Amino acid sequence: MNYISKELIDWSVNKIRKEYPDDVSLLIGHKHWKIEPDGNEVAFNFFIPSTERGYSLSKTFIIDGIGYDLFPMSWERVEGIANLNEGLTTCLADGVILHAHSVEEQERFEMLQKRLFDNLSNPEFTYKKGLEKIATSMELYKNMLFEESFSHVRKASGYIAGYLSQAIATVNGTYFRRGPENQIAILSEMKHLPEQFLSLYQSIVTAKTLQETKELCYQMINVTRDFFAEWSSRTESETKEFHFEDLAGWYEEGTYTFRRIYHYCDQKDVFNCFAWGYNFQQEFDSIKEEFGL
């Protein structure tokens, strides 16, 4: 059995032209989304509907035991991919236009591809997006801690490893062309990588118990957070200009909070000392980030 590419592209283009002439903006192909035996020819991947009716072009089917999926993605979702909001980066980055309703829609897609690569080459932007993916992995980890089902923990560990890998790829200004396939090998070739990340990833794959898996996920998140903390210091010193004279204004503003805390200390009011203390610490944390302290 052989993967069918060209014939299905012809079929889908003809179907759009005959049945959905004004309902589909673009048909997009891709050549990295198949396993090696199925070749590297461009195959249809997804389409962008321009009307609600256009969504009904979506098809899943099996031919000679091979499954095929022609699925829709809205313009809004493709724009989100350009802004590195999800892990399907390759669908846009390596997308090949197989059919366009108009020149304007083709150019819109090409502009989104350009925006994607511009974003990947922007260190401040990729750092921010990497942090978002770490935050997602931490949220998954918090929920995992309460799981007692090993299958659920295994599933969560895969999600965590995937989001952290995306964070690292993003801050390296790149992405995974074949999705999760061969991630460890691809990560090993990246210029910047957290210490022990690859060995932790490999250990997660072969972990045998709940506790072992949870501990490995914790370590993986921890080394990635440390890596991003070091990255932040490096990029800020290279790109950010600090205006330390503005600290004087902050000090003037903050003196009254010091007065509050001194007052409640004198009153031996433990609760209000604590409450104003942690409230003030939020200001310190903000200042630390703003001034690179």
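The number in this note's numbering is simply the position in the sequence shown, starting from 1, with 8 added.
Quick reminder that beta carbons are idealized off the backbone N, C-alpha and C, glycines included.
Bear in mind the structure is a predicted one, so any value in this text is a computation, not a measurement.
What residue range is occupied by the uninterrupted beta strand (DSSP E) comprising residue i?
{"i": "Val21", "result": "Where Val21 is concerned, there is no enclosing beta strand (DSSP E), although the alpha helix (DSSP H) it sits in stretches over Lys14 to Glu27."}
{"i": "Ile56", "result": "Ala51 to Pro57"}
{"i": "Ala90", "result": "No beta strand (DSSP E) holds Ala90; the alpha helix (DSSP H) holding it covers Trp83 to Ala90."}
{"i": "Ala108", "result": "Val104 to Ala108"}
{"i": "Thr217", "result": "Element bounds for Thr217: n/a, residue is neither H nor E."}
{"i": "Leu35", "result": "Val32 to His38"}
When we look at the beta-carbon of residue i and count the other beta-carbons within 10 Å, is it buried (16 or more) or exposed?
{"i": "Leu153", "result": "exposed"}
{"i": "Val213", "result": "exposed"}
{"i": "Phe117", "result": "buried"}
{"i": "Phe52", "result": "buried"}
{"i": "Asp293", "result": "exposed"}
{"i": "Asp102", "result": "buried"}
{"i": "Gln143", "result": "In the sequence under discussion, the amino acid at residue 143 is Ala, which differs from the Gln named in the question. So Ala143 ends up on the exposed side."}
{"i": "Gly138", "result": "buried"}
{"i": "Val70", "result": "It should be pointed out that residue 70 corresponds to Ile in this sequence rather than to Val. Looking at its Cβ environment, which holds fewer than 16 other Cβ atoms inside 10 Å, Ile70 is exposed."}
{"i": "Cys273", "result": "exposed"}
{"i": "Gln191", "result": "buried"}
Cα separation between residue i and residue j?
{"i": "Asn127", "j": "Thr97", "result": "12 Å"}
{"i": "Trp239", "j": "Tyr270", "result": "38 Å"}
{"i": "Glu291", "j": "Tyr183", "result": "36 Å"}
{"i": "Leu106", "j": "Phe54", "result": "10 Å"}
{"i": "Leu65", "j": "Pro188", "result": "27 Å"}
{"i": "Ser173", "j": "Leu148", "result": "14 Å"}
{"i": "Asn287", "j": "Gln275", "result": "19 Å"}
{"i": "Glu44", "j": "Gly285", "result": "59 Å"}
{"i": "Cys99", "j": "Ala215", "result": "31 Å"}
{"i": "Arg85", "j": "Arg268", "result": "49 Å"}
{"i": "Asn151", "j": "Glu197", "result": "32 Å"}
{"i": "Ile168", "j": "Lys222", "result": "11 Å"}
{"i": "Pro80", "j": "Gly47", "result": "24 Å"}
{"i": "Thr217", "j": "Ser159", "result": "10 Å"}
{"i": "Glu15", "j": "Ala193", "result": "33 Å"}
{"i": "Lys23", "j": "Trp83", "result": "21 Å"}
{"i": "Arg162", "j": "Val278", "result": "44 Å"}
{"i": "Lys39", "j": "Val104", "result": "9 Å"}
Compare the Cα-Cα distances from residue i to each of the options and report the closest residue.
{"i": "Lys141", "options": "Val21, Phe236 and Tyr272", "result": "Phe236"}
{"i": "Gln204", "options": "Met228, Glu112 and Cys273", "result": "Met228"}
{"i": "Ile201", "options": "Ala177, Gln275 and Leu224", "result": "In the sequence on display, residue 201 carries Leu and not Ile. That would be Ala177, whose Cα lies nearest to the Cα of Leu201."}
{"i": "Lys199", "options": "Gln219, Asn180, Asn151 and Leu139", "result": "Asn180"}
{"i": "Gln219", "options": "Asn190, Ser58 and Glu156", "result": "Glu156"}
{"i": "Glu94", "options": "Lys42, Ala175, Ala108 and Ile12", "result": "Ala175"}
{"i": "Asp30", "options": "His109, Tyr171, Asp277 and Arg185", "result": "His109"}
{"i": "Met146", "options": "His40, Val231, Trp41 and Thr59", "result": "Val231"}
{"i": "Cys225", "options": "Gly166, Thr265 and Ala193", "result": "Gly166"}
{"i": "Gln114", "options": "Glu60, Ser33, Asp234 and Thr265", "result": "Ser33"}
{"i": "Leu78", "options": "Gly37, Thr59, Arg61 and Phe266", "result": "Gly37"}
At which residues does the alpha helix (DSSP H) containing residue i begin and terminate?
{"i": "Phe184", "result": "It is not in any alpha helix (DSSP H) - Phe184 carries neither H nor E in the DSSP assignment."}
{"i": "Ser196", "result": "Gln191 to Ser196"}
{"i": "Leu124", "result": "Val111 to Leu128"}
{"i": "Phe79", "result": "No alpha helix (DSSP H) holds Phe79; the beta strand (DSSP E) holding it covers Ile74 to Pro80."}
{"i": "Lys136", "result": "Pro131 to Met152"}
{"i": "Thr214", "result": "Phe205 to Thr214"}
{"i": "Thr97", "result": "Thr97 to Ala101"}
Stretch pair the segment 80-92 + the segment 115-122: three plus CB contacts closer than 8 Å: Flag = yes, the segment 80-92 and the segment 115-122 touch.
Cβ contact check for the segment 132-141 and the segment 207-222: 3 or more pairs under 8 Å: Three or more Cβ pairs closer than 8 Å define a contact, and the segment 132-141 falls short of that threshold against the segment 207-222.
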